[in-house]
Structure formats: C-alpha cells, structure tokens
Amino acid sequence: MVDVPLGPGGVVAPTDIDDVELYHPHSWVTKYVFAQDAKVIAIQYALVALSVGLIALVLSWLMRLQLGFPGVFAFIDANAYYQFITMHGMMMVVYVLTALFLGGFGNYLIPLMVGARDMVFPYVNMLSFWVYLLAVLVLVASFFAPGGPTGAGWTLYPPQAILSGTPGGQEWGIILMLASLMIFIIGFTMGGLNYVVTVLQARARGMTLMRMPLTVWGIFTASFMALLAFPALFVGAVMMLFDRIFGTSFFMPAIVEMGQPLDRSGGSPLLFQHLFWFFGHPEVYIVALPAFGIVSDLISTHARRNIFGYRMMVWALLAIGALSFVVWAHHMYVSGMNPYFGFFFATTTLIIAIPTAIKVYNWILTLWRGNIHLNVPMLFALAFIVTFVNGGLTGLFLGNVVVDVPLSDTMFVVAHFHMVMGVAPILVIFGAIYHWYPKVTGRMLNDTLGKIHFWVTFLGAYLIFFPMHYLGLMGIPRRYHDIADMSFVPQSAHTLNAFITIVALFVGAIQMIFVFNLFWSLRHGRPSGGNPWRATTLEWQTPETPPPHGNWGKEVPVVYRWAYDYSVPGADQDFLPQNQPGTARTAAGPAHG
Amino acid sequence: MAVALILVLVALGSVIFHLVSPWWWTPIASNWQYIDNTIIITFWITGAVFVAVVLFMAYCVYRFRHQAGQQAHYEPENKRLEWWLTIVTGVGVAAMLTPGLFVWREFITVPDDATDIEIFGQQWQWSFRLPGPDGKLATSDARLISPDNPLGINKDDPKSKDDVVIEGGELHLPIGKPVKALLRSADVLHDFYVPELRAKMDMVPGQVSYIWFTPTRTGTFDVLCAELCGVGHPQMRGKLVIQEQKDYQAWLERQTSQGFARLAPSPVE
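The structure is reproduced here in structure tokens:
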C-alpha cells in the first residue's frame, strides 16, 4: 500500500498522492492474473484467442484431410466431419477473430492511442476476460461431452440443430454451444461498453474525434455495432435452448421426424435465421472494421505518408457500420423467405460496396507517391488488400440476388468468406502483431522468420481459396464430407481438392514458425526502443517501453495534431508525433487552431 | 522489386487461371441462361477491378519503394478524385445490380402455363408429387403424414384422387414445359439442388416455398440437397430425368398404374 501522509487537520491532501499511484496493482496475482490493466487483459485475451485459433487450425486440417483424401482416414466419418466444421467455424468467427480484434487489440490500443491511463471501468474489463475464458472452456468442454460437440454447422439452423439426425442435437453438444455463446456475449458486453465509453470519455486533451487514428475508429465502430448485434444472437440462443430443453416451439413447426410426429407446432425456422443473420452480418464487419482501421495505420506508417482521405475513411467506416444492419437477409436469398425481400436486400448489399471501395481506393492512393518501406507489417498490409479486394469482389456475386441462386450453398461461398473474413483479417492480425510486438515486449520480432511466415501464408492461402471458387462454380455443394458419385464432377476436381489439402497442411504447419518467433524474440529479439517504426500515434510516445501500468508516467500527453503527419514539408524529420506542439494539423491540412 | 513482381504474378496468374480452368459450370439445362449471363457480366467487371487494383499496387511498390533521400508527398485529401472514384464505383455497381434485379423479377414471377409439381424432402430422401389429369395438386399438411400417407396429402380434398406420388427419388419431367415446383419438408431444412437447372431453393418445414424453371435439355441429372440437413446430408440423392413429351407420358402412365400399389412407403435402398 502507498503510505498516505496526512495533512493538517487529518485530511488527505489531494495533491499528496499522484493519481497514478491509485491504479497500480500491488501483488503478482493482481498484476498478471486478476489484472485490471487493459494491456495485461489484452495479452490474456490474445493468448487465449490464439490458442483457440490453434485448435481451429487443427480442425481445419482434419476436414481438409477428409476432403482431399476421402475415406483414407477412417475416424473422420460424417459425424466427426460435421462436428469439425461447426466448431472450426464458430471458433474462428466468434472466439478468435471477435475476441482478438476487440478484446486483444481493443484493450491494448484504445487507451494508449487516445492517451488514457486505462479503460474507464478496469474492474469490469477484468471480468470481461474471465467470462470470455469461461465461454471458451464451456465450448471446449463439448469435445468431451457425451455425443461430442454439435455438428449443426456454425449457423446452427433449427430444426436440425436440435434433432437427433444431427451430431449433438439431442445430446450435450448444442446445449453447450448455445450456453457458451450466451456467456461469451455477456463477457463481450462488459468489454464492449468499456471500449465505447473509453473512446467517448477518456481521450487526452486535444484528441478530437477527427484526430483519432483509424485503428481506434475501426475498433470503436465495431464495438458499438457488436453491442447492437450480439443481443439478437443472445435471444436466438435463449429461444433455441428453450426449444431444446423445455420443448417449446419458437423455431419448431409441426414436424415428422423419421416417421415419428413430434409434439411441436406453430414455430418458424426462418425466425431463427433472421435473428442469426441480424447478428451474423454485422459480425462480418465487426471483424472487418478493426482490420480496416489497423491496416490503414500500418500502410500510412510504413509508406511514410498520411492516410489519403482521412475524413472520407471515417465516414466510410460509419456508413459501412450503419448499412451492415440492413443487409442481413442476403444470406437468406434461397432460404424460402418472401422472395420480394430479394430486391431490397440486393440493393442495400450492393450499395455497401461503395463505401468499401472508397476504403480500398484510399489505401492504394496512400501508397501513391509514398516512401514505401517493405517491412513485414507492410507486406501483410499489402497482402490484406489483395485478398480483401478478391473476397470483396466475389461478394458482389453473392450479394446480387439472382447470381447468388446457383452459387449459394456451394464451395464458392466457402471460398468467398474465407478469403474476405478469414484470410484478409488474419493477415491484418499478423501484420499488427509484427507492428506492435515491439511496444508490448520492447523487442523486435525476427525479420527473416517473419518474411518466411509472410510469403508462405499469403501465397499459400491464395492458392487454397482462389481455385476453390471454381469448384463451387462447377456446382460442388458445401458441407459435403464426400463428393463421390456426382455425375457432373470430373476426376480433376478431386485432384484439385487433394492439392488444396496439401497446401493447407503446409500453410498450417508454417504457422509454427510464427509461434516460435513470438517466444524466441521475447528473449533474443533485437531491442526495439520506444518507437522503432518512427510512428506518430501516441502509443509510440510512452515514456517507457513496454509501457507500465498507467501508461504515461506523471503527465498524460496533450495532443496537437492528427495521427498522420508523415513527411510534412519543411519538418526536420519525416514524422511529427501527435503530442508534438507546433503548427496544429487536422485531416483538412494545417488547421485553424 | 520482388514484391512488385509477385503482385503482378498474382493478378495475371488469377486471370490465366480463370481462362484456362477446366473447372467451370455444368452445361445449363433450364431457361435460366440469364443467370449465367449475369455471372459473366459480374466476372468481367470484378475481374477488371481486381487486376487494376493489384497492378496499381504493384506499380506503387515498384515506383515509390524507399530509397535514400526520398520523401513522400504530403496530401491529406483530394476531394475531386475521391468523388470521381465514388461515382465510377456507383456506376459499376449499378451495372451489375440492374440486370440482376430484372432477372430476379423474372425468377420469382411464375408464368401462367406452368405445371404445379411438388418436391418433398425428409431425412434423407426425396419424394415427388405430380398433379395427375386434373393438373392440380391437393392440399397437404405435415400433421397428416402417416405410413399410408407419406406426404401428408389431404385425402378429403377431391384433387387428391389423381395425384401421383413418387417415392425413392427419381423425377421425370417433359422438356420445354414450364414447371412450378412447390417445395415442402417433413422435418428439417433441405434444398432442392440440380446444378444444371441453376435454380435452387430451401424447403422449410411448416411452409411451402417454390421455384420455377423450364427444362431445355434432355438427360439425367443429379438431385442433391444443398442445405445441411443432418448427418445423412451428402447421401440425400435423387435423379431428375428430362425427356421428350412422349417418353415422359409413357413413364407417367407407368407411375399412375403403379401409384396405388405404391402407397405404402418403399424402403430406401
């Protein structure tokens, strides 16, 4: 404890303790385990999410082994295959990508980038992590439950999700999945409120909203969206649990299962799909917007050039966030919903392509007349643009209602969403880890290992998913553990499947280089100093690296300029930190004050 | 330099792959040529954008890579360029959306002379119902399903007398006649999917969905289920046989004569 000297009259004089002192943890347990420091919580989130990612990676290997070499691995029967795809999908979308971008990068970067000492509700922030961990444990527990995990597909469509024809439907699998999702949402809500309130309330003096780095804008918008979208999944999960456990009929019409009439009637399977996708589509952007933000900052920093069209970038982020709530039924064009919805949802979906395209233009225009340093984070950012543009453009096929009809539920869809919300955001995550690792640890990640990791991951992932579109175009449906006996499938398609599997195994294995690099560089990495990339944003201007609890020492920084003063004409270095006084600047250029 | 080169290879490689790929759609067997055309338009527009973006990046990486003494150009915004790009994008999007919406209207508007048929899914097999000489299907309800009445047909409905029920998954249809397929499911979601027809739609228990198409090519096609329906999903197979009118008629008469004998469910092979 701090020794508090009493002033005259026995009152504590407010100036006698630095407010910083009040924040500090006082034991190993409160510093590293039940930590309230957002940076420690961020690392906890990131380590758990990366571990779940490794499980999901192994699951993807198993399913690829079955697709590439059907029948060779006897233990991967239809049951197991459906369990693998379901768990892989749900883990990656929710427990890895959402948790890593918001819980991991959000916690680490928001307070540092806006010049705060910590999140505004540190205790709730700590709870958020532990509740998330509980959700992960419940999810993983379903591997060991009787009947194994659910095999309903990650979309969990009823009625099949809770019937006996689906793995885990009448056993523990689906119950644990729904329970885990509900716990996750509770945990996320605690974190999400923190991220939003911190951005709105705890910014340093001078950090106007339009001076914030786009990373913060992306994470902020995504958190706000998640707070609005996750409740739809939550109520869907509650209703399905009731249907499964108490025999209600929210999603269950009159059904005859395997010749046996069930005692249900009146429910609507489509209602669940609407609830699911009302969450599910914003979820795509909950993953994408933080990636958009982060990649903007990576490109700007490593091209030594201000992000092009900052204000347009912010408005595009907000427009995408808002529009993403009115496009959900483009996942349901062939669901049997009223077909007239197709006109509306196709139109909104294609409109969302416009702000998205603006972001792409501004990224590549930032490269134009830049001073491009091809550091590892920059390589990942470039690869992100390639894969994101590729995946975004195939989205124009699937969003355009009538084009979606032949392609939906085929491997084309699998290829599309892996490219756009699997490969692309994960490339950003890698780039971001290479970029901010020096701030977290004080050491650089090994460059050679980083380049090997980059080239194999980028080119390998492209080789996996680009040809896969053509299998879908041919008509091969998704969620088939075996595509034998289809008269329209030539032998060459099986060869292509085997090729994809081999590449996938290799790319997966190479990720171990990255894991090794993370641990090896902790001790043996080159010391980085406080600002190895010569970046402008506040997190690089901390007095110490890694920043201690409280971030800023005695004085929180004051912000004088926007986040992108790179290569300002007449300046004596090619970057001006946000807290450096001088001619104030905003997105519109030298500003009025 | 190497990075720029590899980016160029990615762009050109993708185009070459597209052009020489042996993996392409199945020859169409329905009237939905429009859908294929819209896909082709979309391929051209999106392909051009992809190549342009990646080549532009490659050029930037080559031309503006870091060299000693080089400084980046400071230019926060360029309103004119930004609006110009936005408008061009809007035009491109409209060029894809507009034909798409016209074809969609076509897709959901069933012609008056289409024959109603029923496609019925259950875990994990297909059944079909044809309307018989009256050209009309009787009403149905999942609650009426029984071993004697596997599709839950309303026997009080006079139209039920001549309905032809086909179990075991082989549907024949005449070439050149538009068909409105009413889609029903007994238990979970299914999806009637014949790649050569291009049209597909989920079958949802508790409601009736539909698609329509006109077969344009004779032959035997695989019927697959395209909506995950449990562990037997990939085994849920059937056949669609498109025939000339007289062959179809001969087949239909065989079904009608056998129809009454086959009311009891036949075991799936």
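As they're listed, the protein sequences go chains A and B.
Numbering-wise, the first sequence is residues 7 to 599 according to this note's numbering.
Numbering-wise, the second sequence is residues 3 to 271 according to this note's numbering.
Each residue gets a CB set at the ideal place from its N, CA and C atoms; glycine is no exception.
It should be emphasised that the depicted structure is a prediction, and the values quoted were computed from it without experimental measurement.
Worksheet item: How about Gly224 (chain A) and Phe298 (chain A): are their beta carbons less than 8 angstroms apart?
Response: Yes. Within cutoff.
Exercise. Tell me whether Ile61 (chain A) sits in a helix, a strand or coil according to DSSP, three-state version.
Key: Looking at Ile61 (chain A) - three-state DSSP - the assignment turns out to be helix.
With a cut-off of 8 angstroms on the beta carbons, I'd call Asp303 (chain A) and Leu356 (chain A) a contact; round off their distance for me.
-> About 29 angstroms; that fails the 8 angstroms criterion.
Practice task
For Asp2 (chain B), decide whether its Cβ has a neighbour in chain A, counting only Cβ atoms nearer than 8 angstroms.
Solution key: No answer is possible for residue 2 (chain B): it lies beyond the span of chain B, which begins at 3 and ends at 271.
| message | What does the alpha-carbon distance come out to for the pair Arg485 (chain A) and Leu230 (chain B)? | response | 7 angstroms
If the criterion is Cβ atoms closer than 8 angstroms, does the pair Tyr566 (chain A) and Asn312 (chain A) meet it?
no
Original post:
Are Gly197 (chain A) and Leu108 (chain A) touching if we call contact CB-CB under 8 angstroms?
Top reply: yes
Under three-state DSSP, which class holds Asp118 (chain B)? strand
Q) Going by Cα to Cα distance, which pick from A:Glu263, A:Ala167 and A:Glu289 is closest to Phe248 (chain A)? A) The option with the nearest alpha carbon to Phe248 (chain A) is A:Ala167.
I want to know whether the stretch 176–187 of chain A touches the stretch 66–74 of chain A - three or more CB-CB distances under 8 angstroms. no
* To do: Give every residue of the same chain whose Cβ lies closer than 7 angstroms to the Cβ of Val102 (chain A), excluding the five residues on either side of it in the sequence, and list them in chain order.
  => Excluding residues within five positions, the ones whose Cβ falls inside 7 angstroms are Ala55, Val58, Gly59 and Ala62.
**Item:** Which of helix, strand or coil DSSP assigns to His30 (chain A)
**Value:** coil
At a CB-CB cut-off below 7 angstroms, which residues of chain B make contact with Ile292 (chain A)?
-> Simply none; closest approach about 23 angstroms.
* Quick one: residues in its chain with C-beta nearer than 7 angstroms to the C-beta of Asp189 (chain B), no 5 flanking neighbours on either side, listed in chain order? => Gln124, Gln125 and Pro207
Ala183 (chain B) bridges to which residues according to DSSP?
B:Ile119 and B:Ile213.
Measuring only the C-alpha atoms, how far is Arg186 (chain B) from Ser148 (chain B)? 16 angstroms
Please confirm whether Pro155 (chain A) and Thr92 (chain A) have their CB atoms less than 8 angstroms apart.
yes
Checklist entry - Would you say Ser129 (chain B) faces chain A, with C-beta separation under 8 angstroms as the test? => result no
### Message
Using 8 angstroms as the threshold, is the C-beta distance between Ala50 (chain B) and Leu9 (chain B) below it?
### Response
Not a contact, by the Cβ cut-off of 8 angstroms.
Beta-carbon contacts of Gly1 (chain B) that lie in its chain and below 6 angstroms, excluding the five residues immediately before and after: Nothing can be reported for residue 1 (chain B): it is not among the residues displayed for chain B, which extend from 3 to 271.
Shorter than 8 angstroms from the beta carbon of Tyr51 (chain A) to some beta carbon of chain B?
Not one chain B Cβ lies under 8 angstroms of Tyr51 (chain A).
Identify every residue that forms a DSSP beta bridge with Thr463 (chain A). Answer by DSSP bridge pairing: none, since Thr463 (chain A) is not bridged.
Check your understanding: Any idea if Pro2 (chain B) is buried or exposed, counting beta-carbon neighbours within 10 angstroms, 16 or more meaning buried?
Key -> Given a span of 3 to 271 for chain B in the structure shown, any question on residue 2 (chain B) remains unanswerable.
Please tell me whether Gln35 (chain B) has its Cβ less than 8 angstroms away from any Cβ of chain A.
no
Are the stretch 112–125 of chain A and the stretch 40–56 of chain A touching by the rule of at least three beta carbon pairs closer than 8 angstroms?
yes
* **Range of the contiguous beta strand (DSSP E) that encloses Ile244 (chain B)** => Gly240 to Gln245
Fill in: Own chain, CB closer than 7 angstroms to Val144 (chain A), minus 5 neighbours either side, in chain order
Excluding sequence positions up to five before and after Val144 (chain A), its CB lies within less than 7 angstroms of the CB of Leu182, Ala185, Ser186 and Ile189, all in the same chain and listed in chain order.
Given that Val392 (chain A) touches chain C, what residues does it touch there, using C-beta distances under 9 angstroms?
Although the question refers to chain C, the structure presented lacks it and instead comprises the protein chains A and B.
- Task: Kindly list the residues whose CB is nearer than 6 angstroms to the CB of Ala389 (chain A), restricted to its own chain and excluding five residues on each side of it in sequence; keep chain order.
- Result: Leu433 and Phe464
Proximal residues to Leu199 (chain A) (C-beta, below 8 angstroms), its chain only, five neighbours per side dropped: Within the same chain, and ignoring the five residues on either side of Leu199 (chain A) in sequence, the residues whose Cβ sits closer than 8 angstroms to its Cβ are Phe127, Val130 and Leu233.
Contact residues within the stretch 109–136 of chain A, judged by C-beta distance below 9 angstroms to chain B
none
| Do you know whose CA, among B:Ala70, B:Gly102, B:Asp193 and B:Ala183, lies nearest Asp115 (chain B)'s CA? | Taking the Cα of Asp115 (chain B) as reference, the smallest distance to any Cα among B:Ala70, B:Gly102, B:Asp193 and B:Ala183 is reached at B:Ala183.
Beta strand (DSSP E) segment containing Pro176 (chain B), residue limits | Unbroken beta strand (DSSP E) run through Pro176 (chain B): Glu172 to Pro176.
- Message: Can you check whether the C-beta of Trp283 (chain A) is within less than 8 angstroms of a C-beta belonging to chain B?
- Response: no
Residues of the stretch 434–456 of chain A in Cβ contact with chain B at a cutoff of 7 angstroms, in chain order, please.
Answer in chain order: no residues at all.
query = For Gly148 (chain A), does the three-state DSSP call read helix, strand or coil?
reply = It should be noted that the sequence gives Ser, not Gly, for residue 148 (chain A). In the structure shown, Ser148 (chain A) sits in coil (DSSP, three-state: anything other than H, G, I, E or B).
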